[in-house]
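Step one of this worksheet: look at the structure below.
2 protein chains.
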Amino acid sequence: MLSYSSLKFYGDSMPFGNNSYKSAKTLGYLNSQQALADYAVLIRSLKQNLSSDSSPVVVFGGSYGGMLAAWFRLKYPHIAIGAVASSAPILQFDKITPWSSFYDAVSQDFKDASLNCYKVIKGSWAELDALSTHDDGLIEVSKLFRTCKALHSVYSARDWLWEAFVYTAMVNYPTEANFMMPLPAYPVEEMCKIIDGLPKGASKLSKAFAAASLYYNYTQTEKCFNLEGGTDSHGLHGWDWQACTEMVMPMTCSNESMFPPSSFSYKEFSQDCKKQYGVKPRPHWITTEFGGYRIEQVLKRFGSNMIFSNGMQDPWSRGGVLKNISSSIVALVTQKGAHHVDFRSETKNDPDWLIMQRKQEVAIIEKWLEEYYKDLKQN
Amino acid sequence: MLSYSSLKFYGDSMPFGNNSYKSAKTLGYLNSQQALADYAVLIRSLKQNLSSDSSPVVVFGGSYGGMLAAWFRLKYPHIAIGAVASSAPILQFDKITPWSSFYDAVSQDFKDASLNCYKVIKGSWAELDALSTHDDGLIEVSKLFRTCKALHSVYSARDWLWEAFVYTAMVNYPTEANFMMPLPAYPVEEMCKIIDGLPKGASKLSKAFAAASLYYNYTQTEKCFNLEGGTDSHGLHGWDWQACTEMVMPMTCSNESMFPPSSFSYKEFSQDCKKQYGVKPRPHWITTEFGGYRIEQVLKRFGSNMIFSNGMQDPWSRGGVLKNISSSIVALVTQKGAHHVDFRSETKNDPDWLIMQRKQEVAIIEKWLEEYYKDLKQN
């Protein structure tokens with residue numbers, strides 16, 4: 038299982054202890070190639086210690102871990118006989134996938150739930166902007182957003198809403214979940230029910246706030262919200278570094294999205310990275326090292342035994358492999374699936390399509406194993 | 038064309054100028070993964086600058102360059118549509134190929150030319166050893182070997198002979214050549230003719246010397262030989278570093294070889310590397326990074342478009358891929374071929390088997406290109 042928590046620099050695995058994040062010198066080891074090489078050494082060593090040199094290994098991963106799983110099979114076919122890459126946006130780099138697709142996909146989730154809901158959220162940003170020009174704007178926003186402390190910046194409210202909508206789209210799971218935050222089944226629908234249920238006269242911003250509260254306070258235990266100065270709730274402290282070096286995923290908001298239109302400036306991004314880490318991002322590196330352009334043509338005649346699974350509710354799916362490439366490099370796409378939903382634990386309430394998807398994955402892996410053992414006997 | 042001369046640290050390409058070889062810190066960049074990544078960046082950049090993004094690239098290489106070509110296709114299939122790896126001993130690592138196979142192959146070349154020749158060389162080492170115990174041994178050896186200056190060590194004579202036999206086997210080409218040294222066609226046969234032509238009463242050592250002189254003095258311009266303190270004539274200054282880090286190729290001499298039997302001690306080798314560069318060799322790294330064990334099973338269902346060409350006269354062939362792995366990963370083996378003879382320039386005297394081999398390679402590459410363009414149109 039290729040995941041953050043088993044990787045250097047994430048979770049408890051700090052190669053330089055408390056100094057691991059100190060500088061580019063130590064952080065230099067935090068990159069995808071090093072991660073893959075670490076896995077190669079680890080798996081080989083494990084197999085040797087367990088006296089199971091000829092046991093087949095299949096790698097699994099979701100999200101960034103899914104990218105690593107896919108890349109691991111491509112770069113280390115002698116160590117992993119196959120890979121299951123769930124919600125792996127390996128095409129979200131460079132100019133392969135349109136830069137607006139991610140936020141367009143988030144918006145589509147909300148639009149599909151309710152057109153009104155989409156329109157309310159889309160209109161809420163202008164109301165927030167308008168408030169920010171008032172003398173008492175910050176006080177009003179603080180009151181509206183039930184902040185524990187008075188806000189220093191309207192941008193905090195904006196980011197707070199933004200995060201709620203993006204992550205809720207990602208985790209628009211068919212059953213109750215606690216991935217980023219505890220949430221009900223199909224939380225996008227629930228958010229839109231809240232928005233659609235509020236009086237017509239209420240402001241769009243207040244409706245957006247009410248919807249976002251579902252994300253931050255589904256358990257109804259919060260009396261007030263900390264919009265500023267909180268610690269990063271997602272534990273991805275290393276991702277900023279990776280984004281500033283190799284994992285450059287330019288994103289924009291189109292006019293059709295429910296977010297304020299925005300463009301991507303490599304120059305500004307690069308300046309920020311220089312300031313924060315003293316490094317310059319390499320926007321073409323991932324596609325140079327791992328490919329991506331014309332992936333169908335390249336992998337049609339190269340490689341085998343890969344599953345790319347994606348749920349179309351997940352905005353990351355737009356940067357994923359959504360079509361079969363060959364007889365053994367296949368895409369499993371579910372319309373109602375969200376961010377690596379197939380890798381969540383089974384529940385009693387799992388819908389049929391999810392049960393079916395997992396069964397398909399198991400059947401394909403069984404075929405890989407069968408083939409492997411057959412080949413092994415022949416040698 | 039993947040070769041030494043186009044690589045960092047070899048030829049004129051010194052990344053840190055005169056300091057490139059100064060320490061492990063600068064030499065750290067001299068490794069095969071870095072070389073492959075350099076090529077990836079270079080090829081991509083060349084194609085972009087030439088506005089030929091969709092032009093197919095085929096990589097070629099011989100010897101170490103052949104290993105790089107094979108590995109490049111495996112690791113960067115999105116950049117090279119195929120690879121021709123000539124005399125690429127990618128299986129000469131770890132315990133994949135028997136450690137004695139290299140010197141056994143050298144010996145086989147001489148045995149095939151003349152059994153007497155093989156026996157004379159095999160017996161010459163003991164005579165040299167016997168001389169080294171004499172009081173005037175060094176003077177006698179210096180005289181016998183026509184050295185320009187008196188020798189400091191008998192080992193110099195041993196190494197001098199050793200090199201002549203090994204390289205002559207490698208370059209046992211069907212036409213006159215000037216790869217390491219100017220040499221006649223089929224130089225192993227010529228060496229053996231010299232040995233077999235000398236009077237029965239002459240010592241084995243003097244015969245071995247006469248044979249080796251063909252290698253060092255085919256043009257008959259040398260009046261005396263410099264056996265000690267010469268500069269490395271092969272220009273592979275970086276190879277020692279690579280051998281002490283990743284390119285660990287253990288070699289031994291079996292009782293059946295024409296060389297004095299010897300074993301390989303990782304401990305001693307490691308101590309030498311520690312002393313010379315302050316580093317410890319990683320004998321399992323290449324097989325971890327690039328595979329090699331059970332290569333047929335792995336590549337039977339993964340990868341495509343590779344030619345492994347080998348000439349069986351070349352002792353490196355024993356660590357090469359000598360059997361077809363799949364319909365598009367093929368081995369071209371010639372019995373009379375030597376070290377990447379297919380990559381030498383055409384000559385009027387090329388034998389039919391060599392002309393045929395080159396034609397086969399061209400035909401296979403043409404098929405790759407045809408397929409590539411067909412696929413390109415379909416997308």
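From first to last, the protein sequence lines are chains A and B. Heads up, the first sequence is in my numbering, so the first residue is 38 and it goes up one at a time. Heads up, the second sequence is in my numbering, so the first residue is 38 and it goes up one at a time. Ideal placement from N, C-alpha and C gives every residue a C-beta, glycine not left out.
Quick check on residue i: buried or exposed, where buried means 16 or more other Cβ atoms within 10 Å of its Cβ?
i, result
"GLY266/B", "exposed"
"ASN68/B", "buried"
"THR134/B", "buried"
"LYS414/B", "exposed"
"GLU101/A", "Note on residue identity: the sequence assigns Tyr, not Glu, to residue 101/A. Buried, since its Cβ has 16 or more Cβ neighbours within 10 Å."
"ALA107/B", "buried"
"GLY315/B", "exposed"
"THR282/B", "buried"
"CYS261/B", "exposed"
"TRP209/B", "The sequence as given places Asn at residue 209/B; Trp does not occur at that position. With 16 or more other Cβ atoms within 10 Å, it is buried."
"GLY356/A", "buried"
"GLN398/B", "In the sequence as presented, Gln is not what sits at residue 398/B; that position holds Glu. Answer is buried; the Cβ neighbour count reaches 16."
"GLN308/A", "exposed"
"ILE176/B", "exposed"
"MET38/A", "Its pLDDT being 49, under 50, MET38/A is placed unreliably in this model, and the value from its coordinates should be taken loosely. The residue in question, MET38/A, is exposed, as its Cβ has fewer than 16 Cβ neighbours within 10 Å."
"TYR410/B", "exposed"
"ASN56/A", "exposed"
"PRO114/A", "buried"
"ASP141/A", "buried"
"ASN386/B", "exposed"
With a cut-off of 8 Å on the beta carbons, I'd call residue i and residue j a contact; round off their distance for me.
i, j, result
"PRO93/A", "MET207/A", "Rounded, the Cβ-Cβ distance is 32 Å, inconsistent with contact."
"LYS84/B", "ASP75/B", "Their Cβ separation, rounded to whole angstroms, is 15 Å, which puts LYS84/B and ASP75/B out of contact at 8 Å."
"ILE366/B", "GLY340/B", "6 Å"
"ARG110/B", "MET343/B", "5 Å"
"SER363/A", "LEU336/A", "7 Å"
"TYR452/B", "MET295/B", "Missing from the structure shown is residue 452/B; chain B here goes from 38 to 416 and no further."
"VAL378/A", "LEU391/A", "6 Å"
"ALA249/A", "LEU235/A", "No, ALA249/A and LEU235/A are not in contact; Cβ-Cβ is about 13 Å, not under 8 Å."
"VAL358/A", "ILE127/A", "7 Å"
"ALA77/B", "THR325/A", "5 Å"
Counting only beta-carbon separations shorter than 9 Å, does residue i have a partner in chain A?
i, result
"SER91/B", "yes"
"ALA167/B", "no"
"GLU408/B", "yes"
"PRO318/B", "no"
"PRO52/B", "no"
"PHE327/B", "yes"
"HIS377/B", "no"
"ASP389/B", "no"
"LYS404/B", "no"
"ARG331/B", "yes"
"GLN112/B", "One detail in the question is off: residue 112/B reads as Lys in this sequence, not Gln. So, interface residue."
"ILE401/B", "no"
"ILE116/B", "yes"
Is there a Cβ from chain B that is less than 9 Å from the Cβ of residue i?
i, result
"PHE109/A", "no"
"ALA77/A", "yes"
"ALA106/A", "no"
"ALA74/A", "yes"
"PRO287/A", "no"
"LEU413/A", "yes"
"SER236/A", "A small fix is needed here, since residue 236/A is Pro in this sequence, not Ser. Not one chain B Cβ lies under 9 Å of PRO236/A."
"ILE323/A", "no"
"SER365/A", "yes"
"ILE362/A", "no"
"ARG81/A", "yes"
Short-range partners of chain B found in the segment 333 to 360 of chain A, where Cβ spacing is below 9 Å: Of all residues in the segment 333 to 360 of chain A, GLU333, GLN334, VAL335, LEU336, LYS337, ARG338, PHE339, GLY340, SER341, ASN342 have a Cβ within less than 9 Å of some Cβ in chain B.
Contact list for the segment 122 to 141 of chain B against chain A, Cβ threshold 7 Å: Closer than 7 Å at the C-beta level to chain A, one finds no residue of the segment 122 to 141 of chain B.
Any beta strand (DSSP E) of 3 or more consecutive residues that is wholly inside the segment 78 to 117 of chain B: Within the segment 78 to 117 of chain B, complete beta strand (DSSP E) segments of at least 3 residues are found at 95 to 99, given in chain order.
Chain E contacts made by the segment 211 to 232 of chain B, where a contact means CB separation under 8 Å: The structure shown contains no chain E; the protein chains it does contain are A and B.
Residues in the segment 284 to 311 of chain B having any Cβ partner in chain A nearer than 8 Å: Taking a C-beta cut-off of 8 Å against chain A, none of the residues of the segment 284 to 311 of chain B qualify.
Unbroken stretches of the beta strand (DSSP E), 3 residues or longer, contained in the segment 359 to 401 of chain B: DSSP runs (the beta strand (DSSP E)) wholly in the segment 359 to 401 of chain B: 366 to 371.
Continuous beta strand (DSSP E) assignments of at least 3 residues falling wholly in the segment 198 to 273 of chain B: Correct list: empty.
Continuous alpha helix (DSSP H) assignments of at least 4 residues falling wholly in the segment 293 to 322 of chain B: The segment 293 to 322 of chain B contains these whole alpha helix (DSSP H) runs: 303 to 314.
Completely contained alpha helix (DSSP H) runs for the segment 122 to 207 of chain A, where each covers 4 or more residues: Here the runs fully enclosed are 138 to 150, 152 to 170, 174 to 181, 191 to 207.
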